[in-house]
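The sequence shown begins at 0 in numbering that gives the first Met the number 0 and counts up by one. All C-beta atoms, glycine included, are put in the ideal place defined by N, C-alpha and C. These figures come from a predicted structure and were not determined experimentally.
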Amino acid sequence: MATMKKNTPRQDVVTLLLLSEYFEADEFQILLKQAQETDRSFWDILLEQKRITEDVIAELFSRRLKVPRVNLSLETLDPALKPIPEKLAREHMCIPLRMEGRKLVLCIANPADLEAVREVEFQSGCSVAPVVATRSDILTVIDRVYSQDHSLDELLKGPKEDHDLQVFQPEPSSAVELDDHDSLEAANLGPVVKLVNMILMGALAEYASDIHIEPGENEVQVRTRVDGLLRDGMVVPKWLHNGMVSRIKILANMDISEKRRPQDGRISVNFRKKRVDLRVSSLPTRDGEKVVMRVLGSGKSIPTVTQLGMESAEHELLKNAIAQSQGMILVTGPTGSGKTTTLYSALTAKMTPELNIVTIEDPIEFHLPGANQVQVAPKAGMTFAGALRSILRQDPDVVLVGEIRDEETAEIAFHAAMTGHLVLSSLHTNSALATVQRLLKLGIEPFLVSSSVNLIIAQRLIRMSCKNCREPYQPARRLLERIGMVDSGVQFLRGKGCPDCGGSGYSGRLGLYEVLPFTPEVQDAVEQKLIGEPLLKVAKAAGMRLLVEDGMEKIRKGLTTIEEVLRVVTVSEQAPTACPSCGTLIRAGSTECPQCDKSTRRVCDSCQQELQSEWKVCPYCSVPVIETGETGGRSEYVV
Numbered sequence: 000m001a002t003m004k005k006n007t008p009r010q011d012v013v014t015l016l017l018l019s020e021y022f023e024a025d026e027f028q029i030l031l032k033q034a035q036e037t038d039r040s041f042w043d044i045l046l047e048q049k050r051i052t053e054d055v056i057a058e059l060f061s062r063r064l065k066v067p068r069v070n071l072s073l074e075t076l077d078p079a080l081k082p083i084p085e086k087l088a089r090e091h092m093c094i095p096l097r098m099e100g101r102k103l104v105l106c107i108a109n110p111a112d113l114e115a116v117r118e119v120e121f122q123s124g125c126s127v128a129p130v131v132a133t134r135s136d137i138l139t140v141i142d143r144v145y146s147q148d149h150s151l152d153e154l155l156k157g158p159k160e161d162h163d164l165q166v167f168q169p170e171p172s173s174a175v176e177l178d179d180h181d182s183l184e185a186a187n188l189g190p191v192v193k194l195v196n197m198i199l200m201g202a203l204a205e206y207a208s209d210i211h212i213e214p215g216e217n218e219v220q221v222r223t224r225v226d227g228l229l230r231d232g233m234v235v236p237k238w239l240h241n242g243m244v245s246r247i248k249i250l251a252n253m254d255i256s257e258k259r260r261p262q263d264g265r266i267s268v269n270f271r272k273k274r275v276d277l278r279v280s281s282l283p284t285r286d287g288e289k290v291v292m293r294v295l296g297s298g299k300s301i302p303t304v305t306q307l308g309m310e311s312a313e314h315e316l317l318k319n320a321i322a323q324s325q326g327m328i329l330v331t332g333p334t335g336s337g338k339t340t341t342l343y344s345a346l347t348a349k350m351t352p353e354l355n356i357v358t359i360e361d362p363i364e365f366h367l368p369g370a371n372q373v374q375v376a377p378k379a380g381m382t383f384a385g386a387l388r389s390i391l392r393q394d395p396d397v398v399l400v401g402e403i404r405d406e407e408t409a410e411i412a413f414h415a416a417m418t419g420h421l422v423l424s425s426l427h428t429n430s431a432l433a434t435v436q437r438l439l440k441l442g443i444e445p446f447l448v449s450s451s452v453n454l455i456i457a458q459r460l461i462r463m464s465c466k467n468c469r470e471p472y473q474p475a476r477r478l479l480e481r482i483g484m485v486d487s488g489v490q491f492l493r494g495k496g497c498p499d500c501g502g503s504g505y506s507g508r509l510g511l512y513e514v515l516p517f518t519p520e521v522q523d524a525v526e527q528k529l530i531g532e533p534l535l536k537v538a539k540a541a542g543m544r545l546l547v548e549d550g551m552e553k554i555r556k557g558l559t560t561i562e563e564v565l566r567v568v569t570v571s572e573q574a575p576t577a578c579p580s581c582g583t584l585i586r587a588g589s590t591e592c593p594q595c596d597k598s599t600r601r602v603c604d605s606c607q608q609e610l611q612s613e614w615k616v617c618p619y620c621s622v623p624v625i626e627t628g629e630t631g632g633r634s635e636y637v638v
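Given below as structure tokens:
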């Protein structure tokens, strides 16, 4: 009986196909007999003939039976709708879509199969409204829906308790006691509690800096940011989304009944006997609330100044600046470039019992024994400027200001640096020279900048090539040209991918640094308000190396790759090329080398007109361009 059910199509299907004029009656009988003899699916044999497609069959069903045709790639499965048993779905090639009133909309490959419709009605307790789609589309959705459940079952197996992770329960508050019984019930389900703990534990184990929980139409994607880049993690069924978000909100002391506006909170955990805090942010989206958890203090210890990855010259400049009793050290770079870590390393190097050290932060990312750490709270009137003004009455020796965001904070910080305090702070600029211009635009007088600042550090974080799978390779020539390493004789190394690096070829990160010491020459240039190439020339003479030059040094040592340096130090920021005379790297558009004062324009030797880099023939005098690489030849190299 089961064989007949599998291989014998119903008479209404036979009639449908005969009416379609795709097969003659005797041809159809041959297909039917073949299916019965080979114990194969009639539908598979039918489609093998390639005289009729799944789309045509679905259209015939829709037209003849007056059943709506749907495209499952454009449909959204109701996440609250519990799916029918997988065995039933695969046997009848069907999947529930949604509820419309009291009717269950069922997507089915054969809507004429009344037996299948009745069985689904019995299982669901609802009357069924069939719609039709192709077998392949339905099977794809079935695989996706039920594979998530299988993978989740596998994930949730294993030890019930993991002593590596202890989540601190917040004190009861109105945010948790609000009348939202469904969310509370979903948050306290055993699988939900264990799933959230697994997500936290997995992210902390790989030293992730952020955890993203992103709802989609039919599923929830968990992603973690490791070494600066996001990685896909587990995929969770959509019906668990509400419980996961509610659980995280309860742990973060957030309002679980409020789903229409963004919220912020904080979770504290112990992971492998170390305290880790997570800053939680929720954001309403079309498909539900997205949650991002920023890991504050990932369990790694604060590196020392010698462990930051600076070259010896830059390291000495930083040590000398830290040793000063007053002045200012500024660290600049985009979000996620490691500015806070550098500031904390400098602060740790300065920390002694004789000094009163105070920090103003938003948020406090590391707990520093021996320092008085102040959390900014704008709603309570505790801004960077207000907190800094109060701190200066607390007899501090060293002050760390998390970020200089406005003119008021900048003025107070510079006043502190001028009156016997060592001030450490950060700004959001792209380079050390851009920091000087930013300070001047904030209204700080040039003489204050030149006399107060000891050191400016611009930095980025790059991924290191995995030590366990590093191997030689040859980068593309266009990359070598962009970074100025053509014919450099360097043996380039990269990771080929292994289990230790998750197949990425990279493991761990280190910094790229552009360190500008405020020598007397640099101070004079700042007081004269020099910008652009004149200031760059003075900075290079003082020993400053560009970020890309530090990247080139890391490449020569085999610590990273050209691709990674160019990913972080973009062409729009640097676009470096070598001076044709002395080989010093200079920025695009420069008209002269700041090191040797040679002209870097590309000119025709015949008519002396300036040429563009791609021109092979001078358009002014039609003389062919011969590039010799020397400024005294037929033409100069492009810079």
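Query	Result
Should P158 be labelled buried (16 or more other beta-carbon atoms within 10 Å of its own) or exposed?	Residue placement at P158 is poorly supported in this model, since its pLDDT is 44, which falls under 50; the coordinates still yield a value, given next. That one is exposed.
State the DSSP-derived secondary structure class of D231, mapped to helix, strand or coil.	strand
Can you list, in chain order, the residues of its chain whose CB lies under 6 Å from that of P618, leaving out five sequence neighbours each side?	none
If you follow the alpha helix (DSSP H) that N241 is part of, which residue opens it and which one closes it?	H240 to L250
Whole alpha helix (DSSP H) runs in the region 340-399 with 4 or more residues, listed along the chain?	383-390
How about L295 and R278: do their beta carbons lie closer than 8 Å?	yes
What's the gap between the Cα of W42 and the Cα of L96?	23 Å
Mind reading off the beta-carbon distance from L164 to L199? Whole number of angstroms is fine, and I expect it under 8 Å.	6 Å
Tell me, which residues are paired with E288 by DSSP?	P283
Please state the DSSP three-state secondary structure of N453.	strand
My understanding is that G504 touches R493, with C-beta atoms under 8 Å, so please give their C-beta distance in whole angstroms.	6 Å
Which residue marks the beginning of the alpha helix (DSSP H) containing Q640, and which one marks its end?	Outside the shown range of the chain (0 to 638) lies residue 640, about which nothing can therefore be said.
Between the alpha carbons of I482 and V547, how many angstroms are there, rounded?	8 Å
Could you have a look at K273 and say whether DSSP puts it in helix, strand or coil?	strand
Leaving out the 5 sequence neighbours to the left and right, which residues in its chain are closer than 6 Å to V175 when beta-carbon positions are compared?	Unreliable positioning characterises V175 in this predicted model, as indicated by a pLDDT of 45, which lies under 50. A coordinate reading is not provided.
Just mark L103 as buried or exposed, buried being the case when its beta carbon has 16 or more other beta carbons within 10 Å.	buried
Taking C-alpha atoms, which residue in Q608, T284, I94 and R274 lies nearest to G215?	T284
Starting from V219, trace the beta strand (DSSP E) in both directions and tell me its first and last residue.	E218 to V225
Sort L565, Q436, C468 and L441 by Cα distance to E480 and report the nearest one.	L565
Say whether the region 411-422 touches the region 382-396, bearing in mind that this needs 3 or more beta-carbon pairs closer than 8 Å, one atom from each stretch.	yes
What residue range does the beta strand (DSSP E) around D499 cover?	D499 -> no beta strand (DSSP E), and no H or E assigned at all.
Roughly how many angstroms separate the alpha carbons of V400 and V452, rounded to a whole number?	14 Å
Looking only at C-alpha atoms, which of P110, R274 and V234 sits nearest to V166?	R274
Please list, in chain order, all residues of the same chain as M381 whose beta carbon is under 7 Å from its beta carbon, the five residues on each side excluded.	V375
Measuring only the C-alpha atoms, how far is D523 from S450?	10 Å
Might you give, ordered along the chain, the residues of its own chain that have their beta carbon closer than 6 Å to the beta carbon of S336, omitting 5 neighbours on each side?	Q458, R459 and L460
My output table needs one value for A475: the three-state DSSP class, helix, strand or coil.	coil
Thinking just about the alpha-carbon of each residue, which of L45, Q323 and N252 is nearest to the one in E26?	L45
Evaluate the contact criterion for the region 315-330 versus the region 418-427: three or more CB pairs, one atom per stretch, below 8 Å.	yes
Please report how far the alpha carbon of P575 lies from the alpha carbon of L534, in whole angstroms.	With a pLDDT of 47 at P575, under the threshold of 50, the predicted position of this residue should be treated as unreliable, though the coordinate-derived value follows. Each residue's alpha carbon lies about 17 Å from the other.
Do you know whose CA, among S126, V192, L59 and T341, lies nearest T133's CA?	L59
Give me, in chain order, the residues of the same chain whose beta-carbon lies closer than 8 Å to that of G419; leave out the 5 immediate sequence neighbours on both sides.	S324 and Q325
Mapping DSSP to helix, strand and coil, what is A204?	helix
Are the CB atoms of E288 and K258 within a distance shorter than 8 Å?	yes
Can you check whether the CB of L239 is closer than 8 Å to the CB of V219?	yes
Let me know the secondary structure DSSP gives R459 once reduced to three states.	strand
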